[in-house]
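Enquirer: Okay, here's the structure, questions in a sec.
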């Protein structure tokens, strides 16, 4: 009989620094290049017949996004950078003790990335842990190259999982802090934001049928960069790529825009969240019935934002089967006016909602 070791028997988890890069499978590399390079302004570090390797203007590692040609749009991989090559070994020890299949991949398996460890994590996502990576020019002050909507860096991943509480436990066990959650009065968790770098999150967990990728997010320096992206898409008559926003989240305080690429992958452009680096940083807990949690201005959320996501490639190269969500944030009643704002009473309190947003 095989005995799975308990938490006390586990070796220390790898020391994750931050979200490192994502790989997306796209069906038309030329169309993807138009969207990510010509419109969003990411920089091409390298390319070949089947892949583009992209980075933002503050990034000096080889890439933060790989677009790889394939038959079906999907998430190919999420990758976390760890604190030194010894932590790649730590990842291998930790996941083997956890009972997860691990695979050591040699340097160059992904162009520009050193020797790494790959797993399918307990949530069903393909994940890589790496440290060594090729360095390239950091373009922070190459203002002669910056477009009006310049992206600065990869900020975070957001994934759809059927059981947010279980995913929350997994990531806190991996050493992630928790900045914010969405909960109900029974403490069911509908979403959670977890971090390793000193911002609101490196990974967000959203309730939904999963595993699926909800979005990857790039940061900008200022709000006007986000507005410029909207103007560019409008000028090109490609406004259909805008799914939601611009607006401000209640959770994280970030100013945001969600766009969809030609294959339907969702990208968030994101700015003005806050510092979380102190060891006693408090967790903000939002009530799931507070209509400001997803939009601080009270805007409704388009249904596609809750229901659609990118499938995840499994170890066999096909889409991973989905498990139904245990709780769904979208199922909670939200009273929204015809103008897209929550209806309010004469006293200004949203009708049907409790005052006091945190539980």
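Residue numbers (this note's numbering): 10 to 368.
Beta carbons: idealized from backbone N, C-alpha and C, even for Gly.
Since we're looking at a predicted model, the values are computed, not measured.
1) Spatial neighbours of residue 282 within its chain, please: C-beta separation below 7 Å, excluding the five flanking residues on both sides.
2) Does the Cβ-Cβ distance between residue 233 and residue 159 come in under 8 Å?
3) Within its chain, find whatever has a CB closer than 7 Å to the CB of residue 239; leave out the 5 residues flanking it on each side and keep chain order.
4) Quickly, what does DSSP pair residue 183 with across the bridge? List them, please.
5) Using 8 Å as the threshold, is the segment 31–49 in touch with the segment 65–82, meaning 3 or more CB pairs across them?
6) Evaluate the contact criterion for the segment 220–230 versus the segment 152–166: three or more CB pairs, one atom per stretch, below 8 Å.
7) In this structure, does DSSP put residue 57 in helix, strand or coil?
8) Let me know if residue 319 comes out buried or exposed under the rule of 16 or more other beta-carbons within 10 Å of its beta-carbon.
9) Check residue 144 in the structure and name its three-state DSSP category.
10) Which same chain residues end up closer than 6 Å to residue 118 when comparing Cβ atoms and leaving out the 5 residues on each side of it in sequence?
11) What does the alpha-carbon distance come out to for the pair residue 344 and residue 312?
12) Quick check on residue 264: does DSSP put it in helix, strand or coil?
13) Indicate whether residue 69 and residue 138 have their beta-carbon atoms separated by less than 8 Å.
14) Which one of 287, 148, 336, 128 has the shortest CA to CA distance from residue 109?
15) Can you give the Cα-Cα distance for residue 44 and residue 270, rounded to whole angstroms?
16) What whole-angstrom Cβ distance do residue 193 and residue 335 have, given they're in contact under 8 Å?
17) I believe residue 122 touches residue 100 by the beta-carbon criterion, under 8 Å. Please report the beta-carbon distance rounded to the nearest angstrom.
18) Please return the same chain residues whose Cβ sits closer than 8 Å to the Cβ of residue 303, not counting the five positions on each side in sequence.
19) What does residue 332 pair with, by DSSP beta-bridge criteria?
20) Just curious, the alpha helix (DSSP H) that residue 164 is in, first and last residue?
21) Is residue 181 buried or exposed, if buried means 16 or more other CB atoms sit within 10 Å of its CB?
22) When you compare each of 157, 179, 178 to residue 231 by their alpha carbons, which one comes out closest?
23) Whole angstroms are fine: how far does the CA of residue 115 sit from the CA of residue 340?
24) Do residue 31 and residue 112 have their beta-carbon atoms positioned less than 8 Å apart in this structure?
25) Would residue 48 and residue 242 be called neighbours here (beta carbons separated by less than 8 Å)?
26) Please indicate yes or no: does the CB of residue 41 lie closer than 7 Å to some heavy atom of the ligand NAD?
27) For residue 92, which residues in the same chain have their Cβ closer than 7 Å to its Cβ, ignoring the five residues on either side in sequence?
28) When burial is assigned at 16 or more other CB atoms within 10 Å of the CB, is residue 189 buried or exposed?
Expert: In short:
1) 208, 209, 261, 262, 263
2) no
3) 251, 255, 266
4) Answer is none; residue 183 lacks a bridge partner.
5) yes
6) yes
7) strand
8) buried
9) strand
10) none
11) Because the pLDDT at residue 344 is just 36, under 50, the model does not fix this residue reliably, and the value given afterwards should be weighed accordingly. If you take the alpha carbons of residue 344 and residue 312, they lie about 14 Å apart.
12) strand
13) no
14) 128
15) 6 Å
16) That pair is no contact at about 13 Å.
17) No, residue 122 and residue 100 are not in contact; Cβ-Cβ is about 14 Å, not under 8 Å.
18) 258, 259, 260, 310
19) 219
20) Residue 164 -> not in any alpha helix (DSSP H); beta strand (DSSP E) instead, spanning 160–170.
21) exposed
22) 157
23) 45 Å
24) no
25) yes
26) This structure lacks the ligand NAD, and indeed carries no ligand of any kind.
27) 24, 26
28) buried
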